[in-house]
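J.:
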Amino acid sequence: MGVGVAGLTLLPDRRPNSRRFAERAPDRAAVGADSAVLDVAAGTGALALTAVGRGHQKVTAIDRSPDMVQRLRQRLGPFPGCSAEVMDARELRYPDHRFDAAFSVFGVLLLGADALTAVRETVRVVRPGGLVSVVHRAGPVGGAPVFVPLARAIQRLGDPEVGSLPLPVFSDFLEREEVEQVLVDAGCVDVQSEEVTEPFSLPTARSLNAFLRIIPQYNAAISRYKDEFTQILDQEISRLDLGERGAQGRIASGRVPE
Ligand SMILES: C[S@@+](CC[C@H](N)C(=O)[O-])C[C@H]1O[C@@H](n2cnc3c(N)ncnc32)[C@H](O)[C@@H]1O
Numbered sequence: 013m014g015v016g017v018a019g020l021t022l023l024p025d026r027r028p029n030s031r032r033f034a035e036r037a038p039d040r041a042a043v044g045a046d047s048a049v050l051d052v053a054a055g056t057g058a059l060a061l062t063a064v065g066r067g068h069q070k071v072t073a074i075d076r077s078p079d080m081v082q083r084l085r086q087r088l089g090p091f092p093g094c095s096a097e098v099m100d101a102r103e104l105r106y107p108d109h110r111f112d113a114a115f116s117v118f119g120v121l122l123l124g125a126d127a128l129t130a131v132r133e134t135v136r137v138v139r140p141g142g143l144v145s146v147v148h149r150a151g152p153v154g155g156a157p158v159f160v161p162l163a164r165a166i167q168r169l170g171d172p173e174v175g176s177l178p179l180p181v182f183s184d185f186l187e188r189e190e191v192e193q194v195l196v197d198a199g200c201v202d203v204q205s206e207e208v209t210e211p212f213s214l215p216t217a218r219s220l221n222a223f224l225r226i227i228p229q230y231n232a233a234i235s236r237y238k239d240e241f242t243q244i245l246d247q248e249i250s251r252l253d254l255g256e257r258g259a260q261g262r263i264a265s266g267r268v269p270e
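Numbering (the numbering used here), first residue to last: 13 to 270.
(1) Pick helix, strand or coil for PHE111, following the three-state DSSP scheme.
(2) Would you mind sorting SER176 into buried or exposed? The rule is 16 or more other CB atoms within 10 Å of its CB.
(3) Could you check what DSSP says for GLY261 in three-state terms: helix, strand or coil?
(4) Around the Cβ of SER205, are there at least 16 other Cβ atoms within 10 angstroms (buried) or fewer (exposed)?
(5) Closer than 7 angstroms to a non-hydrogen atom of ligand 1 - does that hold for the CB of THR134?
(6) Could you say which of ARG139, PRO90 and VAL52 lies nearest to GLY65 if we only look at CA atoms?
(7) Spatial neighbours of ILE226 within its chain, please: CB distance less than 8 angstroms, with the 5 preceding and 5 following residues excluded, ordered by chain position.
(8) Okay, do the region 242-250 and the region 161-176 touch, 3+ Cβ pairs below 8 angstroms being the bar?
(9) Is ALA34 closer than 8 angstroms to THR56 when the C-beta atoms are compared?
(10) Count the C-beta pairs between the region 197-212 and the region 259-266 that are closer than 8 angstroms, then say yes if the count reaches three, no if not.
(11) Using beta-carbon positions only, say whether PHE118 and VAL137 come within less than 8 angstroms of one another.
(12) Whole angstroms is fine: what's the gap from ILE74's alpha carbon to PRO172's?
(13) Just jot down, in chain order, the residues whose CB lies closer than 5 angstroms to any heavy atom of ligand 1.
(14) Give me the Cα-Cα distance between GLU103 and ASP126, rounded to the nearest whole angstrom.
(15) For LEU224, which three-state DSSP category applies?
(16) Check the C-beta distance from ASP51 over to LEU59 and give it rounded, since I have them as a contact under 8 angstroms.
(17) Count the other CB atoms within 10 Å of the CB of GLY155; is the residue buried (16 or more) or exposed (fewer)?
(18) Using 8 angstroms for Cβ pairs, my map puts GLY266 next to VAL144. What's the rounded Cβ distance?
(19) Going by DSSP in three states, ARG139 sits in which element: helix, strand or coil?
(20) Could you spell out where the beta strand (DSSP E) holding LEU84 opens and where it closes?
(21) Within 10 angstroms of the Cβ of GLU192, are there 16 or more other Cβ atoms? Answer buried if so, exposed if not.
(22) The beta strand (DSSP E) with LEU121 in it runs from where to where?
(23) Reducing DSSP to helix, strand and coil, say where SER205 ends up.
(24) In terms of alpha-carbon separation, which member of GLN82, ARG105 and HIS68 lies closest to GLY93?
(25) Measure the C-alpha to C-alpha separation of ILE166 and TYR230 and round it to an integer number of angstroms.
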């Protein structure tokens with residue numbers, strides 16, 4: 013059980029939030045352990061590591077960020093059939109039908125106008141009869157609300173050398189029909205989805221370090237203010253008002269036509 017504080021749930025379980033959803037996606041997919049699995053926009057590998065943890069031996073992960081891929085390579089290092097590559101989801105360097113299943117957790121559907129291109133690419137590299145599954149926010153909390161405290165913390169420094177980070181608007185969650193339609197438009201059949209709610213555990217500035225390093229303003233703030241900035245960021249994170257509902261996500265999946 014978690015402990016509620018000012019509308020937040022502080023959990024003893026420190027799994028990253030995307031990991032909670034990544035663990036639920038394959039449950040619904042019934043993908044065999046000998047299947048070749050692709051994790052698209054894998055980040056540090058919430059889905060890829062879940063698959064490996066469940067005995068999958070052929071897991072490939074791609075992400076556009078070399079930093080993310082470097083970390084993931086280290087994590088996948090002990091598993092010989094698994095790999096991570098720097099690659100753009102909009103232009104996958106794999107032949108058609110290379111994988112049995114592909115997942116993207118808080119990944120391709122965040123690409124805005126390019127989301128459909130990326131989902132089409134994902135469908136292209138999955139074999140006929142194979143599975144494509146995407147997870148996206150189904151409400152304003154869940155993906156990366158930490159950008160709000162980050163932007164506020166940077167603003168508090170008031171240092172032009174660090175710069176500013178515009179406050180993102182978290183209205184980028186999609187309705188059920190929209191998520192399912194992307195899969196249909198990308199060529200999937202038997203498309204279905206369900207909303208799932210997971211407790212949202214607050215990150216700390218330090219635990220986010222690897223993730224935030226891809227943001228230049230964060231690097232500038234850390235290099236000039238180190239512990240002071242980490243403290244300010246922690247204060248802003250603790251001000252996050254996430255409500256009591258937890259994080260809502262939608263797991264949608266479809267099959268590549270035979
Ligand atoms: C919100 S993170 C989610 C990461 C991971 N799937 C997870 O659930 O923890 C989104 C990821 O998409 C990656 N990304 C953004 N645009 C991309 C693109 N065009 N191709 C591949 N990866 C991309 C980012 O580098 C980042 O790691």
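Just so you know, even glycine gets a beta-carbon here, dropped at the ideal spot from N, CA and C. This one's a predicted model, so the numbers in the text were calculated from it and none came from an experiment.
T.: In short, the structure shows the following:
(1) strand
(2) Exposed is the call here.
(3) Three-state result, GLY261: strand.
(4) buried
(5) no
(6) PRO90
(7) SER77, ASP79 and MET80
(8) yes
(9) no
(10) yes
(11) no
(12) 35 angstroms
(13) Screening all residues for a C-beta within a distance smaller than 5 angstroms of any heavy atom in ligand 1 leaves SER30, ALA53, GLY55, ALA58, ASP75, ARG76, SER77, MET80, ASP100, ALA101, VAL117, PHE118 and GLY119, in chain order.
(14) 11 angstroms
(15) helix
(16) 4 angstroms
(17) Note that GLY155 has pLDDT 44, beneath the 50 cutoff, so the model's placement of it is unreliable and no number is given.
(18) About 6 angstroms separates the beta carbons of GLY266 and VAL144, which is inside the 8 angstroms limit, making them a contact pair.
(19) strand
(20) That residue, LEU84, is in no beta strand (DSSP E); its alpha helix (DSSP H) goes 78-88.
(21) buried
(22) Segment: none, LEU121 is in no beta strand (DSSP E) and carries neither H nor E.
(23) strand
(24) HIS68
(25) 8 angstroms
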